[in-house]
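K.L.:
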Amino acid sequence: MSPKVSDHILERLRAWDVQYVFGYPGDGINGLLAAWGRADNKPVFVQARHEEMAAFEAVGYAKFSGRTGVCVATSGPGAIHLLNGLYDAKLDHVPVVALVGQTNRSAMGGSYQQEVDLLSLYKDVAAEYCQMVTVPEQLPNVLDRAMRTAAARRTVTAVIVPADVQELDYSPPEHAFKMVPSSLGSPQWTVVPEDDELRRAADVLNAGSKVAILVGQGARSARRQVQQTAELLGAGVAKALLGKDVLPDTLPYVTGSIGLLGTRPSYELMRDCDTLLTIGSSFPYSQFLPEFGQARAVQIDLDPFMVGMRYPYEVNLVGDAARTLDRLLPLLVRKEDRDWYRTICDNTERWWEVMERRAGVEADPINPEYAIHALDHLLPDDVMVSADSGSAANWYARHLRFRGRMRGSLSGTLATMGPGVPYAIGAKFAHPDRPAIAIVGDGAMQMNGLAELITIAKYWQQWEDPRLVVAVLNNRDLNQVTWEMRAMEGAPSFLPSQQLPDIDYAGFARTLGLGAERALSPGDVPSGWQHALTADRPFVLELRTDPAVPPIPPHATWDQIQAAAASVLRGDADRTAMVRQGFKAKLQELLPSFGGRHGHH
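Sequential numbering from 1 applies to the sequence shown in the UniProt record's numbering.
#1: By alpha-carbon positions, which one of Asn-367, Ser-521, Tyr-423 and Met-406 ends up nearest to Ser-386?
#2: With H, G and I counted as helix, E and B as strand and the rest as coil, what does DSSP make of Asn-474?
#3: Can you find the residues in the same chain that come closer than 7 angstroms, C-beta to C-beta, to Leu-205, ignoring five residues on each side of it along the sequence?
#4: What is the C-beta distance between Asp-376 and Met-406, in whole angstroms, given that I count them as a contact (C-beta under 8 angstroms)?
#5: Can you tell me whether DSSP reads Cys-345 as helix, strand or coil?
#6: For the beta strand (DSSP E) containing Met-384, name the first residue and the last one.
#7: Less than 9 angstroms between CB atoms is the rule here; does Leu-251 satisfy it with respect to chain C?
#8: Would you call Val-440 buried or exposed, if buried means 16 or more other Cβ atoms sit within 10 Å of its Cβ?
#9: For Glu-362, collect the residues of the same chain with a Cβ closer than 6 angstroms to its Cβ; drop the 5 residues on either side in sequence, then sort them by chain order.
#10: Whole angstroms is fine: what's the gap from Val-96's alpha carbon to Leu-473's?
#11: In whole angstroms, give me the CA-to-CA distance for Gly-208 and Leu-242.
#12: Touching or not, the segment 162 to 171 and the segment 180 to 191, by the rule of three or more beta carbon pairs under 8 angstroms?
#13: Nearest-angstrom Cα distance between Val-579 and Asp-546?
#14: In this structure, does DSSP put Leu-139 in helix, strand or coil?
#15: Where does Met-132 sit, in a helix, a strand or coil, going by DSSP?
#16: How far does the alpha helix (DSSP H) with Pro-162 in it reach, from first residue to last?
#17: When the Cα of Gly-426 is compared with those of Glu-517, Gln-446 and Ile-456, which residue comes out closest?
#18: By how many angstroms is the C-alpha of Met-447 removed from the C-alpha of Gln-227?
#19: Quick one: grab the DSSP three-state call for residue 602.
#20: Quick check for students: name the residue ranges of the alpha helix (DSSP H) that lie wholly in the segment 476 to 536, counting only runs of 4 or more.
#21: Under 9 angstroms between the Cβ atoms of Pro-193 and Ala-201?
#22: So who's on the other strand from Val-73, going by DSSP bridges?
#23: Exposed or buried, which one is His-431 when buried takes at least 16 other CB atoms within 10 Å?
#24: Ends of the beta strand (DSSP E) at Val-298?
#25: Mind checking whether Pro-265 and Gly-256 have CB atoms under 9 angstroms apart?
#26: Assuming Ala-444 and Asp-388 make a contact with CB atoms under 8 angstroms, what is their CB distance in whole Å?
#27: Comparing alpha-carbon positions, which option in Leu-468, Asn-394, Ala-506 and Asp-465 lies nearest Trp-483?
#28: Cutting at 6 angstroms between CB atoms, please list the residues of its own chain near Ser-6, excluding the five before and the five after it.
#29: Would the beta-carbon of Ala-73 fall within 9 angstroms of that of Tyr-20?
#30: Based on the DSSP secondary-structure assignment, which residues constitute the bridge partners of Tyr-20?
#31: Could you tell me which of Gln-530, Gly-528, Pro-538 and Gly-515 sits nearest to Glu-464, measuring between CA atoms?
#32: Which two residues bound the contiguous beta strand (DSSP E) that contains Thr-229?
#33: Quick one: grab the DSSP three-state call for Gly-66.
#34: Quick one, which of Val-525, Tyr-122, Met-306 and Leu-251 has its alpha-carbon nearest Ile-372's?
#35: Give the range of the beta strand (DSSP E) segment to which Lys-239 is assigned.
#36: Starting from Leu-450, trace the alpha helix (DSSP H) both ways and give me its first and last residue.
So this is what it looks like as structure tokens:
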């Protein structure tokens, strides 16, 4: 039998060294599925429970492997379902290629079943490259460009293949007019700034006496250079959430996360600095950066379209973070006055003492900060951690100190609910010999995490290290939005929208053959983590946490905290009288770690 277009697509993916394709079947890709059968399932088709989860798994795979993720879906609803995961990739600058089916060419424009104008639908999420294949000779050029563009631009691309085209005999482009041949491979290149720009940047950094550094995921390959720069300049280093694993939190001058989910020392670092160096980050919240006019600033970013935003930078350096810093470091002068450096280290040390105290605050039944803080010293040195959006992201950002080879990620810019578990699945396919942990709230778990436990049960025995821990913070509340309503609107929790059903997550996991345990009191937490991390199979650890522990941002004022407290005491009828009355005392215990601009330390 002559090879079909579908056969050639899989052959070309193998030539690009694509190992996994995450997807869900449908008749719009029947031709591809048949080709997978002929190709002995190479690349491996990983079956998610839902196309959105397939896209998230491709994103997680790309984030934790550094390779391009690939996902596949059928026409119409399948293609639509991919979109949220693809936008997550686009906004976090992650290379993902989507292969999407379409109705037969003869039916296009006829309001046929599952016919959606996919070129229009995908023109934003895959703005860099989105093409429909209508004749065999378009391949391999379209697929090659999709793979190459996704990697080069760190973005989403899409290839749409009508069902009838998948079944056509494949014929390559000829040496002829209006034929476009192609070749494999992504070229490697290094972008570095001009010498004059580097000298300008060095002048700014050398002139400052209180230097702050902000790093994002774009600095991940420059760990050594960032560390040398910080130590030379006596600087503190704050980390955007996507850059949490750039530097170890065990370094005394690493102040931790920045922003609403950030730490107090990162807030103070930006509040008091006179010079800012941003490396590989497009952190969007300018209110957490120095006041305008307070600090001179330098930015380093690989993407010329991402420089000059967020803050009035004096010098914008376009270049690879590691190579740019290698050329910048010889121009920097070591700062002999270490008062600023000592202040940063003291603030950071005090913060971790405060976090220890906050984790020790009594709650009903388990303080969620304690639930995650207890994990901190148990983290394997090669662990991969994902966190879902919501209050769980607060505790991930503040309580886990990364070190060694630890990696971590979440939905940074889109901040969508739902990627925690599928990210961890993608991470396990990226590194099947390393343990993974997903920290998710019960809202995200009910949204789609429960279904993806089925995916874990389907595949875990293929992984060299079977450990994948799903930690569910079960507080029966959509907690982040509840607290945003209290803090921003001064409104009590609206129970019809915020209250969640109480589900036996551990019990469901056991029905799938997974390990599981429920931590119902603080005493259950350490042993729960130990059992989860030493299990011989994936494990669901359900932690019964208190929704009345507030994820207070580092800049919160006492007035804002009081308003949140008042809304709880005024309107949360679901809380017992004992918990409501103890809430003010709980806040008083937490206050030493915050205070904001009004000086309430």
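Beta carbons: idealized from backbone N, C-alpha and C, even for Gly.
P.N.:
So, to answer that:
#1: The residue from Asn-367, Ser-521, Tyr-423 and Met-406 with its alpha-carbon nearest to that of Ser-386 is Tyr-423.
#2: The answer is strand: DSSP assigns Asn-474 an E or B state.
#3: Within the same chain, Leu-205 has close Cβ partners Val-211, Leu-233, Thr-275, Leu-277, Val-298 and Leu-332.
#4: Between Asp-376 and Met-406 the beta-carbon gap is near 11 angstroms, outside 8 angstroms, which marks them as no contact.
#5: Three-state DSSP puts Cys-345 in a helix.
#6: For Met-384, the enclosing beta strand (DSSP E) covers residues 384 to 387.
#7: Protein chains in the displayed structure number just one, and chain C is not present.
#8: Buried, by the Cβ-count rule.
#9: Taken in chain order, the list of residues that qualify is empty.
#10: One C-alpha to the other measures close to 30 angstroms.
#11: Computed Cα separation, rounded: 27 angstroms.
#12: Contact fails: fewer than three Cβ-Cβ distances are below 8 angstroms.
#13: Here the model assigns Val-579 a pLDDT of 42, short of 50, so the residue's position is not dependable and the matter cannot be decided.
#14: The answer is coil: DSSP assigns Leu-139 none of H, G, I, E or B.
#15: Taken through DSSP and simplified to helix, strand or coil, Met-132 comes out as strand.
#16: Element bounds for Pro-162: not the alpha helix (DSSP H) but the beta strand (DSSP E), 156 to 162.
#17: When the alpha-carbon of Gly-426 is set against those of Glu-517, Gln-446 and Ile-456, the nearest one is in Ile-456.
#18: The C-alpha of Met-447 is placed about 40 angstroms away from the C-alpha of Gln-227.
#19: Residue coverage of the chain in this structure runs from 1 to 601, which leaves residue 602 outside it and unanswerable.
#20: You should have 479 to 484, 495 to 498, 505 to 511 and 524 to 533.
#21: For the 9 angstroms CB-CB criterion, Pro-193 and Ala-201 form a contact.
#22: First, the residue type needs correcting, since residue 73 is Ala and not Val in the sequence shown. In the DSSP secondary-structure assignment, Ala-73 is bridged to Val-100.
#23: Burial of His-431 is indicated by the presence of at least 16 other C-beta atoms within 10 angstroms of its C-beta.
#24: Annotation for Val-298: the continuous beta strand (DSSP E) segment containing it runs 296 to 301.
#25: Contact flag set, yes.
#26: Their Cβ separation, rounded to whole angstroms, is 4 angstroms, which keeps Ala-444 and Asp-388 in contact under 8 angstroms.
#27: Out of Leu-468, Asn-394, Ala-506 and Asp-465, the CA that lies nearest to the CA of Trp-483 is found in Asn-394.
#28: Within the same chain, Ser-6 has close Cβ partners Gly-31, Leu-32, Ala-35 and Gln-166.
#29: No.
#30: Paired residue(s): Val-44.
#31: The shortest Cα separation from Glu-464 among Gln-530, Gly-528, Pro-538 and Gly-515 belongs to Pro-538.
#32: Where Thr-229 is concerned, there is no enclosing beta strand (DSSP E), although the alpha helix (DSSP H) around it starts and stops at 223 to 233.
#33: In the three-state DSSP reduction, Gly-66 falls in the coil class, being neither helix nor strand.
#34: Of Val-525, Tyr-122, Met-306 and Leu-251, the residue nearest in Cα terms is Val-525.
#35: In this chain, the beta strand (DSSP E) harbouring Lys-239 covers 236 to 239.
#36: That run of the alpha helix (DSSP H) goes 450 to 459.
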